[in-house]
Each structure stands twice: as structure tokens, then as C-alpha cells.
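Residue numbers (the UniProt record's numbering): 1 to 342.
The beta-carbon is built from N, C-alpha and C at its ideal position, and this holds for glycine as well.
Down below is the structure, laid out as C-alpha cells.
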């Protein structure tokens with residue numbers, strides 16, 4: 001009688017009785033977190049194993065992984081440059097053209113105009129920084145839509161690359177300069193280690209410094225960040241400048257490794273870079289643009305392309321693969337970001 005009265009009183013008072021505890025899933029909370037953060041790494045390993053089964057005897061797993069990690073690709077630099085702007089809520093379509101202009105400027109000045117390599121490298125980085133400053137001024141200070149500005153500036157940079165190279169593929173730099181990018185450490189080219197060090201530095205900055213927290217605040221809600229006293233204008237302008245500088249440095253290193261550069265190839269990096277950056281939002285820090293996730297996604301996609309080439313697919317499959325990866329990555333990223341905001 002007493003128990004019944006007490007229960008009725010609690011029900012009338014709005015007290016909810018706790019229901020039966022549900023048993024944890026087979027993975028448990030920690031397992032689900034690990035799977036959510038590092039599922040892309042597991043898929044990467046499964047992809048390597050699958051290609052090993054489909055292409056038996058041609059190349060071993062370790063050799064295939066070393067071949068993928070050792071590719072002379074600018075995607076890590078470009079992905080990091082794009083993360084800089086996307087993390088603060090900006091959209092940039094000019095990064096590939098800025099990279100292409102810097103990479104073309106170096107051999108053009110050295111081979112066609114007789115400059116020394118250090119002077120040409122410095123000029124290429126300065127040119128990239130100037131273009132980044134123009135992007136920042138027009139988008140942040142003037143307030144023009146970032147898509148329109150960066151699309152137009154990217155077109156100008158692409159045209160300037162053709163102009164300075166006299167519309168040719170410039171080559172013929174001193175072969176000794178290739179050591180800057182291609183000398184090996186622990187079996188991998190220095191180009192890989194440059195990218196890894198940059199990614200690690202940016203990951204630390206974004207995860208453990210006040211500047212990184214400011215970037216996350218600005219990217220999440222610009223007005224709230226401004227009310228909280230964060231210098232939103234400086235953060236946004238700094239993102240464009242840093243992005244352009246990374247493209248400039250990446251262009252110098254790639255040009256040194258190749259001994260020259262073809263300006264027509266710059267735009268081919270646009271699609272895989274976007275695919276890598278959006279795919280990176282499903283790893284490490286789900287729902288956010290983050291450098292480590294981008295780094296993993298770059299080599300995940302390169303592994304896919306490498307495996308398809310081993311299976312004797314023609315060149316068209318690369319565009320299809322990157323296009324599908326981009327659509328899926330954007331879809332998953334959108335769903336994750338909506339869940340994070342919720």
C-alpha cells in the first residue's frame with residue numbers, strides 16, 4: 001500500500017522512474033569512438049589487402065605502400081592549404097592555380113631568364129603571398145563572395161603561369177636541385193616528410209593553441225566568435241595568406257623535384273584535393289576539417305588510384321574515382337557536421 005502510494009505521488013510530481021539499463025553494444029563506447037575516428041584507416045588497410053588479392057605476385061604489400069607514400073605529389077601541400085581556408089568557413093578555388101604559378105615561376109625564371117634558384121624560389125613564394133593577400137582583401141575587407149573572387153583570381157594566376165612560361169612546359173633546371181624533394185630518409189622521399197611535418201605542426205596548432213581554438217570558433221559561428229572578442233577579420237585574412245604561402249612553398253619544392261613544370265597540369269590537382277579534404281572530415285576529428293584526416297585521405301585516394309592502375313584500368317578511371325570519392329565525402333561530411341551542430 002505504501003509502495004503504491006509513493007509511486008503514484010512520484011508520477012504526479014513528474015518524477016520519471018529510471019528504466020532498465022540497456023546492455024552496451026558489442027564494440028562498447030570506446031570501440032565505437034575508435035571506429036568512428038579511424039574507420040578510414042581500417043578501410044585503407046582493407047583496400048591494400050584487396051588489391052593484394054586481386055593483383056597477386058605483381059607487387060608486395062610493403063612495396064605497394066612505399067610506392068604510394070613515395071609519390072611525387074603536391075596533394076598534401078594543397079590539401080593543407082585548403083584546410084586553412086575551409087576551417088574558418090571560407091571557400092577557395094584559386095589554390096591550385098596559385099600552386100601552379102609558383103611551380104612555373106621557378107623554372108621559368110631560372111631557365112628562361114637566367115635567375116639563380118634561390119632568387120627564383122623567393123620570387124615564387126612572394127608572388128603566391130601577394131595573390132593570397134589580394135584574395136583576403138577582396139573577400140574579407142571588401143566583402144565580395146569568396147567563390148567569385150577566388151575563381152577569378154585563380155583564372156588570372158593560371159594565365160600568368162602561361163605568360164611567364166611563354167606558353168610552354170619549362171624544364172632544364174640543374175638536376176642536383178631534385179635532392180631537395182627526392183633525397184630519401186627511411187626509404188621515403190623528403191617531399192613526404194615535409195608534408196608530414198607540416199601536417200603535424202598544423203594539427204598541434206589547431207588542437208592545442210589559442211589560435212587553433214579561434215579558428216574553430218570562427219569556422220563554427222563567425223558572429224558568436226566576434227562577440228566573444230576573437231579577431232575574426234585577422235583570422236580570416238591569415239587563413240588566405242597562410243594558404244597561399246603553403247601553395248608557394250609546395251610549388252617550389254615540386255618544381256625542384258621535377259626539374260621544371262607544365263602549367264597545364266596545375267588544375268588537375270583541384271578535384272583530388274577537394275576529395276581529400278572532405279574525405280578527411282570523416283577521420284580523426286569527425287565533422288571538422290582537420291589536417292591529419294586530410295593526410296590520411298590523400299594516401300587513401302592515391303592507394304585507390306594506384307591499385308586501379310595495377311588492374312590495368314585506363315586513365316579515365318582516375319577522374320571517375322576522384323569524382324565518386326568527392327561526392328561521397330561531401331555527403332558524409334555534411335551529415336557529420338549537421339550531427340555535430342545538433
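Is it right to say residue i is buried, meaning 16 or more other beta carbons lie within 10 angstroms of its own, or is it exposed?
i           : result
residue 185 : exposed
residue 204 : exposed
residue 269 : buried
residue 215 : buried
residue 290 : buried
residue 1   : Caution is warranted here: a pLDDT of 42 is assigned to residue 1, below 50, making its placement in the model unreliable, and the coordinate value is therefore given only provisionally. It is exposed - the Cβ of residue 1 has fewer than 16 other Cβ atoms within 10 Å.
residue 44  : buried
residue 147 : exposed
residue 53  : exposed
residue 335 : exposed
residue 3   : Because the pLDDT at residue 3 is just 44, under 50, the model does not fix this residue reliably, and the point stays unresolved.
residue 209 : exposed
residue 143 : exposed
residue 79  : buried
With DSSP as the reference, label residue i as helix, strand or coil.
i           : result
residue 23  : Model confidence at residue 23 stands at a pLDDT of 46, short of 50, so the residue's coordinates are unreliable; what they give is reported in the following sentence. Residue 23 falls in the coil class under three-state DSSP.
residue 286 : coil
residue 118 : helix
residue 186 : coil
residue 260 : strand
residue 323 : helix
residue 305 : helix
residue 427 : Because the chain is modelled from 1 through 342, residue 427 falls outside the range shown and cannot be assessed.
residue 155 : helix
residue 171 : strand
residue 90  : coil
residue 213 : helix
residue 329 : helix
residue 242 : helix
residue 202 : helix
residue 291 : helix
residue 135 : helix
Kindly list the residues whose CB is nearer than 8 Å to the CB of residue i, restricted to its own chain and excluding five residues on each side of it in sequence; keep chain order.
i           : result
residue 218 : 88, 89, 225, 230, 232, 235 and 236
residue 271 : 319, 322, 323 and 326
residue 125 : 102, 245, 248, 249 and 252
residue 206 : 87, 212, 215, 216, 290 and 291
Is the beta carbon of residue j closer than 9 Å to that of residue i?
i           : j           : result
residue 48  : residue 303 : yes
residue 106 : residue 261 : yes
residue 71  : residue 306 : yes
residue 180 : residue 77  : no
residue 41  : residue 283 : yes
residue 63  : residue 81  : no
residue 244 : residue 123 : no
residue 153 : residue 141 : no
residue 239 : residue 136 : yes
residue 166 : residue 112 : yes
residue 94  : residue 151 : yes
residue 192 : residue 83  : no
residue 132 : residue 211 : no
residue 51  : residue 301 : no
CB-CB under 7 Å to residue i, same chain, minus the five flanking residues each way: which ones, in chain order?
i           : result
residue 74  : 99, 250, 254 and 269
residue 178 : 256, 257 and 259
residue 278 : 326, 329, 330 and 333
residue 110 : 117, 120 and 173
residue 317 : 308
residue 222 : 89 and 232
residue 86  : 277 and 289
residue 187 : 66
residue 134 : 153
Is there at least one Cβ from chain B nearer than 9 Å to residue i's Cβ?
i           : result
residue 248 : Any reference to chain B falls outside this structure, which holds one protein chain only.
Using C-beta distances below 6 Å, list every residue in its chain close to residue i, excluding the 5 sequence neighbours before and after it, in chain order.
i           : result
residue 267 : 96
residue 10  : Per-residue confidence for residue 10 stands at a pLDDT of 45, beneath the threshold of 50, marking its modelled position as unreliable; the derived number appears in the next sentence. For residue 10, where only same-chain residues beyond five positions count, there are no Cβ hits under 6 Å.
residue 263 : 100, 104, 161, 162 and 165
- Segment contact flag, the stretch 97–104 with the stretch 246–255, C-beta cutoff 8 Å, min 3 pairs: yes
- Would you call the stretch 190–209 and the stretch 286–300 in contact, with 3 or more CB pairs under 8 Å? yes
- Is there contact between the stretch 170–181 and the stretch 148–161, where contact requires at least three CB pairs shorter than 8 Å? no
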